[in-house]
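Here the structure is laid out as structure tokens; the discussion comes afterwards.
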Amino acid sequence: MENQIVIYRNISGETTRAQVDQWKARVARSGIQMEEKGKGKTLIFHLFLKDDEVIFYMYENGKSLHVLIEYMRVKKSDGRMVKMIDFLITDLQLRGEKYQTIRGELYRTLYLNGIVMDDGPFQERKLATDFDLRLSREILMGHIYRELDEYANAKRDGDTEREQESSERLRSFTEELQRLDEVLKNNRFNKET
Numbered sequence: 106m107e108n109q110i111v112i113y114r115n116i117s118g119e120t121t122r123a124q125v126d127q128w129k130a131r132v133a134r135s136g137i138q139m140e141e142k143g144k145g146k147t148l149i150f151h152l153f154l155k156d157d158e159v160i161f162y163m164y165e166n167g168k169s170l171h172v173l174i175e176y177m178r179v180k181k182s183d184g185r186m187v188k189m190i191d192f193l194i195t196d197l198q199l200r201g202e203k204y205q206t207i208r209g210e211l212y213r214t215l216y217l218n219g220i221v222m223d224d225g226p227f228q229e230r231k232l233a234t235d236f237d238l239r240l241s242r243e244i245l246m247g248h249i250y251r252e253l254d255e256y257a258n259a260k261r262d263g264d265t266e267r268e269q270e271s272s273e274r275l276r277s278f279t280e281e282l283q284r285l286d287e288v289l290k291n292n293r294f295n296k297e298t
């Protein structure tokens with residue numbers, strides 16, 4: 106679970122200051138550190154947990170706040186950061202998409218007004234769209250970066266067994282990345298007409 110990446114996409118909606126305060130209290134109870142800064146009509150939220158961090162913005166719009174997160178990458182780690190972003194969506198009644206891999210399968214969760222509308226394995230079509238392929242590539246790159254960190258730590262610690270295992274996983278990930286890049290290169294959605 107520690108080496109997995111979760112992608113959030115097109116998170117948006119209007120919310121109230123009271124809903125934001127409720128969510129902030131939940132974050133404080135989770136043990137995640139949070140900084141909130143204001144700059145004009147923009148609020149900047151910065152969440153920290155170990156080596157993971159997330160930054161996003163809210164914009165004042167009269168009496169309400171507007172949330173717009175086009176793309177966010179979160180390390181799964183112990184799950185707390187992912188839960189807080191999930192709660193951000195549900196507590197603030199936002200809409201958007203969440204993508205993650207579970208047991209090697211891509212899962213998608215769709216939210217509408219904070220309610221889970223669809224959750225389960227993402228059914229790929231015969232010819233995957235450019236976005237689907239690029240999303241799969243991004244998730245795979247996340248795994249590669251995490252595995253590179255693991256390899257460096259094993260090498261630093263002198264743990265040759267862990268280093269070898271990590272090297273084999275890296276080889277597997279890079280082979281998969283090469284196959285995916287080949288599909289992306291030949292995908293009809295990428296070719297000009």
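Residue numbers for the sequence shown follow my numbering, so the first one is 106 and each next one is one higher. Backbone N, C-alpha and C define an ideal beta-carbon position, used for all residues, glycine too. If you're wondering where the values come from, they're calculated on a predicted model, not measured in any experiment.
inquiry  = Buried or exposed, going by whether 16 or more other CB atoms sit within 10 Å of the CB of Ile110?
reply    = With 16 or more Cβ atoms within 10 Å of its Cβ, Ile110 is classed as buried.
Would the beta-carbon of Ile112 fall within 9 Å of that of Val172?
-> In this structure, Ile112 keeps its C-beta atom at 9 Å or more from the C-beta atom of Val172.
### For Glu141, the residue or residues it bridges with in DSSP
DSSP lists Phe150 as the beta-bridge partner residues of Glu141.
Below 8 Å, how does it come out for the segment 134-141 and the segment 184-200: are there three or more Cβ pairs, yes or no? Yes, they touch.
Would you please verify whether the beta carbon of Tyr250 is less than 9 Å from any beta carbon of chain D? Considering every chain present, this structure includes no chain D. It has just one protein chain.
- Within 10 angstroms of its Cβ, does Leu170 collect 16 or more other Cβ (buried), or is it exposed? Leu170 is buried by the Cβ-count criterion.
*If I'm right that Gln205 touches Asn218 with Cβ under 8 Å, what's the distance once you round it to whole angstroms?*
The distance from the Cβ of Gln205 to that of Asn218 is about 21 Å, inconsistent with a contact at the 8 Å cut-off.
Exposed or buried, which one is Asp191 when buried takes at least 16 other CB atoms within 10 Å?
The residue is buried, with at least 16 neighbouring Cβ atoms inside 10 Å.
Counting pairs of Cβ atoms below 8 Å between the segment 113-122 and the segment 250-260, do you hit three or more? Segment contact: the segment 113-122 against the segment 250-260, fewer than three CB-CB distances shorter than 8 Å; contact not assigned.
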